[in-house]
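Chemist: Residue 413 in this note's numbering sits at position 402 of the sequence shown, with consecutive numbering throughout. Beta carbons: idealized from backbone N, C-alpha and C, even for Gly. There's a structure below that I have some questions on.
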Amino acid sequence: MDYYSHLNKTELQEELSKLEIKYNEYKAKNLSLDMSRGKPGPEQLELSQGLLNALKADDSLTVKENIDVRNYGNLDGLIEAKELFGEMLEVQPNQLIIGGNSSLSMMYDTISRALLFGVVDSNTPWSKEEKIKFLCPSPGYDRHFAICEALNIEMITINMLDNGPDMDEVEKLVSQDETIKGIWCVPKYSNPEGVSYSDEVVDRLAKMDTKADDFKIFWDDAYTIHHLTEEPVVVKNILHACRTAGHPNRVFIFASTSKVTFPGSGVAVMAASEENIQFIKKQLGIQTIGPDKLNQLRHVRFFKNLDNMKLHMKKHAELIKPKFDIVLNVLESQLGSLSIASWKKPKGGYFISLDTIDDCATEVVKLAREAGVMLTNAGATFPYGKDPRDRNIRIAPTYPTIEELKTAIEVLCLCIKLVSIKQLLNQQ
Ligand code: PMP
12 MDYYSHLNKT
22 ELQEELSKLE
32 IKYNEYKAKN
42 LSLDMSRGKP
52 GPEQLELSQG
62 LLNALKADDS
72 LTVKENIDVR
82 NYGNLDGLIE
92 AKELFGEMLE
102 VQPNQLIIGG
112 NSSLSMMYDT
122 ISRALLFGVV
132 DSNTPWSKEE
142 KIKFLCPSPG
152 YDRHFAICEA
162 LNIEMITINM
172 LDNGPDMDEV
182 EKLVSQDETI
192 KGIWCVPKYS
202 NPEGVSYSDE
212 VVDRLAKMDT
222 KADDFKIFWD
232 DAYTIHHLTE
242 EPVVVKNILH
252 ACRTAGHPNR
262 VFIFASTSKV
272 TFPGSGVAVM
282 AASEENIQFI
292 KKQLGIQTIG
302 PDKLNQLRHV
312 RFFKNLDNMK
322 LHMKKHAELI
332 KPKFDIVLNV
342 LESQLGSLSI
352 ASWKKPKGGY
362 FISLDTIDDC
372 ATEVVKLARE
382 AGVMLTNAGA
392 TFPYGKDPRD
402 RNIRIAPTYP
412 TIEELKTAIE
422 VLCLCIKLVS
432 IKQLLNQQ
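As structure tokens, this is what we get:
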């Protein structure tokens with residue numbers, strides 16, 4: 012701590028009193044600002060309004076393979092949608108299932124089916140094993156961890172480094188423990204740190220020896236086209252890497268248009284080896300008679316091709332980049348010289364991840380909430396909601412207006428200062 016650590020007790024107390032006055036001024040404003048979830052703002056939703064007119068009553072609704080999209084059927088989705096999303100994920104149409112509106116529910120279903128029936132290389136359904144575990148690179152996506160917790164899958168925290176999970180740790184654990192059945196990965200612009208996996212990490216994940224024959228990578232490519240800069244990050248194709256490494260069935264890939272078009276009314280997809288897809292389709296055929304093909308066709312007609320999708324994402328970036336910038340600017344101007352917090356500068360995705368000094372995040376989030384600024388619960392980015400160092404805070408800047416964000420981050424910075432000084436005083 013540079014500045015505050017040079018102050019003596021009286022000076023610190025004076026600083027604290029000044030900050031408390033400011034804090035109470037904000038409190039009196041009865042703010043109500045929500046930065047807790049990564050939701051697109053209303054102006055982003057406007058970009059996809061054309062989706063609602065992409066299908067009209069007199070349009071032809073019979074598509075390739077003579078499919079009438081209004082009717083039942085097509086368990087794995089429309090061929091046109093497979094072509095579009097296959098290009099997006101760099102996989103073949105027969106390596107895809109085009110699903111409903113939520114990739115998260117595809118992940119949940121995939122794990123549920125593995126628990127009930129096993130996966131391609133299983134000897135037994137996962138739920139018949141005495142215990143199973145997943146590796147959870149952290150900070151990570153709270154809802155991945157919630158799925159594990161709800162389904163009684165023990166979570167092992169893995170440190171997230173600048174280019175992906177700590178692979179030395181991952182390789183060591185999976186090679187020794189056959190109860191480890193999976194790992195969660197958000198390979199590009201990760202939630203919340205904006206980390207993108209290096210080629211080396213992708214290759215090591217594909218190649219590593221695992222004690223469990225039915226070990227799976229859950230590759231949640233949620234932010235694959237969500238760039239914030241002019242130089243989109245490219246992550247090595249994991250499906251190819253796994254095939255080349257002799258583990259063709261190791262990975263399940265997920266993505267959706269939730270933050271491309273409309274969250275809740277987008278199209279979700281999953282990709283895997285043909286063998287995996289055939290295996291899943293047999294089970295899926297019991298679960299449903301087919302997905303919402305009208306929505307799939309709307310998306311195909313609206314975008315037509317990947318280039319248009321990329322253009323569309325540039326418009327998103329134009330709207331949200333200034334929001335990321337204001338957060339980063341306020342953090343820098345308020346905290347830049349204090350050494351009481353550090354934060355990431357993401358090149359894409361939906362979040363800014365901030366670390367306070369140890370043992371402060373819960374109190375900071377609480378104080379901010381009491382002043383009307385809602386942040387994701389401290390700890391949420393770790394398994395079981397417990398951040399071992401209680402320092403990580405996830406900022407979701409896309410929904411509030413720029414004005415609101417400026418105020419919200421000023422309040423956040425104030426709370427970080429308050430809590431840090433109190434901690435210093437306690438230590439003295
Ligand atoms: N994966 C990640 C990493 C996410 O951040 C989100 C949205 N917050 C989702 C999945 C949710 O995707 P969907 O809307 O397709 O269920």
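What's the call for P53, buried or exposed, on a 16-neighbour Cβ count within 10 Å?
Modeler: Exposed, by the Cβ-count rule.
Chemist: Skipping 5 residues on each side, what residues in its chain have a beta carbon closer than 7 Å to that of I90?
Modeler: Cβ neighbours of I90 beyond the five flanking positions: K75, E76, P104.
Chemist: Starting from the Cα of T221, find the closest Cα among M178, H323, E414, L44 and give me that residue.
Modeler: Closest option to T221, Cα to Cα, is M178.
Chemist: Going by DSSP, name the residue or residues bridged to M46.
Modeler: Answer is L386.
Chemist: Shorter than 7 Å, the distance from the beta carbon of S267 to the closest heavy atom of ligand 1, or not?
Modeler: It does: the Cβ of S267 is within 7 Å (strictly closer) of some heavy atom of ligand 1.
Chemist: Please look up how many angstroms separate the CB atoms of F263 and N287, rounded, as I've assumed it's under 8 Å.
Modeler: Between N287 and F263 the Cβ distance is about 7 Å, and since that is below 8 Å, they are a contact.
Chemist: Can you have a look at G193 and say buried or exposed, based on whether 16 or more other CB atoms are within 10 angstroms of its CB?
Modeler: With 16 or more other Cβ atoms within 10 Å, it is buried.
Chemist: Looking at C-alpha atoms only, which residue of A389, M219, E329 is the closest neighbour of I413?
Modeler: Out of A389, M219, E329, E329 has the C-alpha closest to the C-alpha of I413.
Chemist: Distance check for P176 and P203, CA to CA, integer angstroms please.
Modeler: Going from the Cα of P203 to the Cα of P176 covers about 13 Å.
Chemist: Report back the beta-carbon spacing between M219 and E189 to the nearest angstrom; my notes put them in contact at under 8 Å.
Modeler: In fact, because the Cβ distance is near 14 Å, the residues do not count as touching under 8 Å.
Chemist: Taking DSSP as the reference, what is the three-state secondary structure of E165?
Modeler: E165: strand per DSSP, three-state reduction.
Chemist: For the candidate residues E241, P394, I351, L423, whose alpha-carbon lies nearest to that of L386?
Modeler: Checking every option, the nearest Cα to that of L386 belongs to L423.
Chemist: Beta-carbon separation of A279 and S114 under 8 Å?
Modeler: Yes, they are a contact pair.
Chemist: Helix, strand or coil for G193? Go by DSSP, reduced to three states.
Modeler: Residue state, collapsed to three classes: strand.
Chemist: Quick check: L86 and K304, are their CB atoms within less than 8 Å of each other?
Modeler: Not a contact, by the Cβ cut-off of 8 Å.
Chemist: For T135, which residues of its own chain have a beta-carbon under 8 Å away from its beta-carbon, when the five flanking residues on both sides are left out?
Modeler: Once the five neighbours on either side are set aside, the close Cβ partners of T135 are G129.
Chemist: Would you call P411 buried or exposed, if buried means 16 or more other Cβ atoms sit within 10 Å of its Cβ?
Modeler: So P411 counts as buried.
Chemist: Taking only heavy atoms of ligand 1 into account, decide whether any of them is closer than 7 Å to the Cβ of V206.
Modeler: Checking the Cβ of V206 against ligand 1 gives no.
Chemist: Any heavy atom of ligand 1 within a distance shorter than 7 Å of the CB on S114?
Modeler: Answer for S114: yes, Cβ within range of ligand 1.
Chemist: Just list the residues that DSSP pairs P148 with in beta bridges.
Modeler: According to DSSP, P148 bridges with I169.
Chemist: Would you call T21 buried or exposed, if buried means 16 or more other Cβ atoms sit within 10 Å of its Cβ?
Modeler: Its Cβ having fewer than 16 others within 10 Å, T21 is exposed.
Chemist: Are there 16 or more other CB atoms within 10 angstroms of the CB of L63, so buried, or fewer, so exposed?
Modeler: With fewer than 16 other Cβ atoms within 10 Å, it is exposed.
Chemist: Excluding the five sequence neighbours on either side, which residues of its own chain have a C-beta within less than 8 Å of the C-beta of L42, listed in chain order?
Modeler: Excluding sequence neighbours, L42 sits near A382, G383, V384, T418, A419, V422.
Chemist: Just list the residues that DSSP pairs P176 with in beta bridges.
Modeler: Paired residues: M171.
Chemist: What residues match up with N403 in a beta bridge as DSSP calls it?
Modeler: For N403, which the question treats as bridged, DSSP gives the partners D366.
Chemist: List the residues that DSSP assigns as beta-bridge partners of D231.
Modeler: Looking at the DSSP assignment, D231 forms a beta bridge with F265.
Chemist: Per DSSP, H238 forms a beta bridge with which residues?
Modeler: BP columns for H238 point to G359.
Chemist: Evaluate I300 with the Cβ neighbour count: other Cβ atoms within 10 Å of its Cβ, from every protein chain shown; 16 or more gives buried, anything less gives exposed.
Modeler: Result: exposed.
Chemist: For R154, which residues in the same chain have their Cβ closer than 7 Å to its Cβ, ignoring the five residues on either side in sequence?
Modeler: Same-chain partners within the cutoff: L115.
Chemist: So what does DSSP say about D130, is it helix, strand or coil?
Modeler: At residue 130 the sequence reads Val, which differs from the Asp that was named. Note: V130 maps to coil in three-state DSSP.
Chemist: Going by C-alpha to C-alpha distance, which of I331, C371, R254, V245 sits closest to P51?
Modeler: With distances taken between Cα atoms, P51 lies closest to I331.
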